[in-house]
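Peer 1:
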Amino acid sequence: KAGVTQTPRYLIKTRGQQVTLSCSPISGHRSVSWYQQTPGQGLQFLFEYFSETQRNKGNFPGRFSGRQFSNSRSEMNVSTLELGDSALYLCASSPGLAGNNEQFFGPGTRLTVL
Amino acid sequence: AQSVTQLGSHVSVSEGALVLLRCNYSSSVPPYLFWYVQYPNQGLQLLLKYTSAATLVKGINGFEAEFKKSETSFHLTKPSAHMSDAAEYFCAVSHATSGTYKYIFGTGTRLKVLA
Numbered sequence: 648k649a650g651v652t653q654t655p656r657y658l659i660k661t662r663g664q665q666v667t668l669s670c671s672p673i674s675g676h677r678s679v680s681w682y683q684q685t686p687g688q689g690l691q692f693l694f695e696y697f698s699e700t701q702r703n704k705g706n707f708p709g710r711f712s713g714r715q716f717s718n719s720r721s722e723m724n725v726s727t728l729e730l731g732d733s734a735l736y737l738c739a740s741s742p743g744l745a746g747n748n749e750q751f752f753g754p755g756t757r758l759t760v761l
Numbered sequence: 050a051q052s053v054t055q056l057g058s059h060v061s062v063s064e065g066a067l068v069l070l071r072c073n074y075s076s077s078v079p080p081y082l083f084w085y086v087q088y089p090n091q092g093l094q095l096l097l098k099y100t101s102a103a104t105l106v107k108g109i110n111g112f113e114a115e116f117k118k119s120e121t122s123f124h125l126t127k128p129s130a131h132m133s134d135a136a137e138y139f140c141a142v143s144h145a146t147s148g149t150y151k152y153i154f155g156t157g158t159r160l161k162v163l164a
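Protein sequence lines, in the order shown, are assigned to chains A and B. So the first sequence is residues 648 to 761, counted in the working numbering. So the second sequence is residues 50 to 164, counted in the working numbering.
1. Residues in its own chain within less than 8 Å of B/Lys-161 by CB, not counting five upstream and five downstream?
2. Tell me whether the beta-carbon of A/Ser-726 lies closer than 7 Å to the beta-carbon of A/Val-651.
3. Going straight from the alpha carbon of A/Thr-661 to that of A/Thr-759, what length do you get?
4. Using a Cβ-Cβ cut-off of 7 Å, state whether A/Glu-749 counts as contacting chain B.
5. When you compare only the Cα positions, how much space is there between B/Gly-111 and B/Val-142?
6. Compare the Cα-Cα distances from A/Phe-711 to each of A/Ser-717, A/Arg-720, A/Gln-701 and report the closest residue.
7. What residues in the stretch 85 to 118 of chain B have a beta carbon less than 9 Å from any beta carbon of chain A?
8. Going straight from the alpha carbon of A/Gln-684 to that of B/Cys-140, what length do you get?
9. In the DSSP output, what is A/Lys-704 paired with across the bridge?
10. Check whether the Cβ atoms of A/His-676 and A/Pro-754 sit closer than 7 Å, and answer yes or no.
11. Whole beta strand (DSSP E) runs in the stretch 706 to 734 of chain A with 3 or more residues, listed along the chain?
12. For A/Leu-735, collect the residues of the same chain with a Cβ closer than 6 Å to its Cβ; drop the 5 residues on either side in sequence, then sort them by chain order.
13. Write down the C-beta distance between A/Gly-713 and A/Ser-721 rounded to the nearest angstrom, noting that I regard them as a contact closer than 8 Å.
14. Taking 7 Å as the cut-off, decide whether the C-beta atoms of A/Leu-737 and A/Tyr-682 are in contact.
15. Interface residues of chain B around A/Ala-745 at Cβ under 9 Å?
16. Compute the Euclidean distance between the alpha carbons of B/Leu-70 and B/Thr-126, then round it to the nearest angstrom.
17. On the DSSP bridge assignment, give the partners of A/Arg-757 in chain order.
18. Let me see if you follow: with CB-CB separation under 7 Å, is A/Leu-690 close to chain B or not?
19. Starting from B/Gln-91, follow the beta strand (DSSP E) in both directions and report where the run begins and ends.
20. Using a Cβ-Cβ cut-off of 7 Å, state whether B/Thr-156 counts as contacting chain A.
21. Specify the secondary structure class of B/Ser-133 as computed by DSSP and reduced to three states.
22. Buried or exposed for B/Lys-118, going by 16 or more other Cβ atoms inside 10 Å?
23. Go ahead and label B/Thr-104 buried or exposed: buried means 16 or more other beta carbons lie within 10 angstroms of its beta carbon, across all protein chains shown.
24. Shortest alpha-carbon distance to A/Gly-591 belongs to which of B/Leu-163, B/Arg-159, B/His-131?
Structural data, given as structure tokens:
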């Protein structure tokens, strides 16, 4: 089975712009979670989608949003980018809801905001 | 509220020596506990998970962890370190509350293996 794929792998944006990141889960997995990883804050949970519905949300501002499509692929959008949004964004998929399941992580999208 | 504390952001061991990475959690209900490893420029990979079946959990690459409820700990060990074990290790906790739950990750421990 192919693993979790994320596109693009690297992205450079300027403050005020918006960005969309994409994640394709492992075939058959219905849950997709998103995380922000930074050296200072570590791994922080953004949200989880399961069967096209947001099931869980972390403590991020409304500028961070996501969605999931019927094929389980997910996108994450960040509007009005700030310098502090520079991070590695990781996507993870699970066969069921993530809480008691192993999560399979993609390689991440490294976002740099200038 | 649940939380995870990993003691030591950096740990160095000699090749062949014991690896011990510490993780303590707080949770008001029995949690699920996980250890993940992240190699440079890669995503995280599950090493092992505790789901209340057995207190000693064996994972991949010779790692194991013991759940100690009285100490609220879930330390990761490996008897003999290998150069390929150099990576960052994350402990994570999850439990259900009101029908929802969130994964909480620790801040990570970077393991360095010395030749």
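Ideal Cβ positions, reconstructed from N, Cα and C, are used throughout, including at glycine.
Peer 2: With the given structure in hand:
1. Counting only Cβ-Cβ distances below 8 Å, and skipping sequence neighbours, we find His-59, Val-60, Ser-61, Val-62, Ala-135.
2. Contact: no.
3. The straight-line gap from Cα to Cα measures roughly 8 Å.
4. Yes, A/Glu-749 lies at the interface with chain B (some Cβ there is under 7 Å from its Cβ).
5. About 21 Å.
6. Nearest option by C-alpha distance: A/Gln-701.
7. Flagged, chain order: Tyr-85, Gln-87, Asn-90, Gln-91, Gly-92, Leu-93, Gln-94, Leu-95, Lys-98, Thr-100.
8. If you take the alpha carbons of A/Gln-684 and B/Cys-140, they lie about 14 Å apart.
9. Bridge partners of A/Lys-704: A/Phe-694.
10. A/His-676 is not a Cβ neighbour of A/Pro-754, given a cutoff of 7 Å.
11. As far as the stretch 706 to 734 of chain A is concerned, its whole beta strand (DSSP E) runs of at least 3 residues are 711 to 715, 721 to 725.
12. Counting only residues of its own chain and dropping the five nearest sequence neighbours on each side, A/Leu-735 has a CB closer than 6 Å to the CB of Gln-684, Gly-755, Arg-757.
13. The C-beta distance from A/Gly-713 to A/Ser-721 rounds to 6 Å, short enough to meet the 8 Å contact threshold.
14. With respect to A/Tyr-682, A/Leu-737 sits close: the two C-beta atoms are nearer than 7 Å.
15. Among the residues of chain B, those whose CB is under 9 Å from the CB of A/Ala-745 are Ser-143, Tyr-150, Lys-151, Tyr-152, following chain order.
16. Looking at the two C-alpha atoms, the distance is approximately 6 Å.
17. A/Arg-757 pairs with A/Tyr-657, A/Leu-735.
18. Taking Cβ atoms only, chain B reaches closer than 7 Å to A/Leu-690, which makes this a yes.
19. Premise fails: B/Gln-91 is in no beta strand (DSSP E) and is neither H nor E.
20. For B/Thr-156, a Cβ of chain A is located within less than 7 Å of the residue's own Cβ.
21. B/Ser-133: helix per DSSP, three-state reduction.
22. B/Lys-118 should be labelled exposed.
23. Only exposed fits B/Thr-104, as fewer than 16 other CB atoms lie within 10 angstroms of its CB.
24. Outside the displayed span of chain A (648 to 761) sits residue 591 of chain A, for which this structure offers no information.
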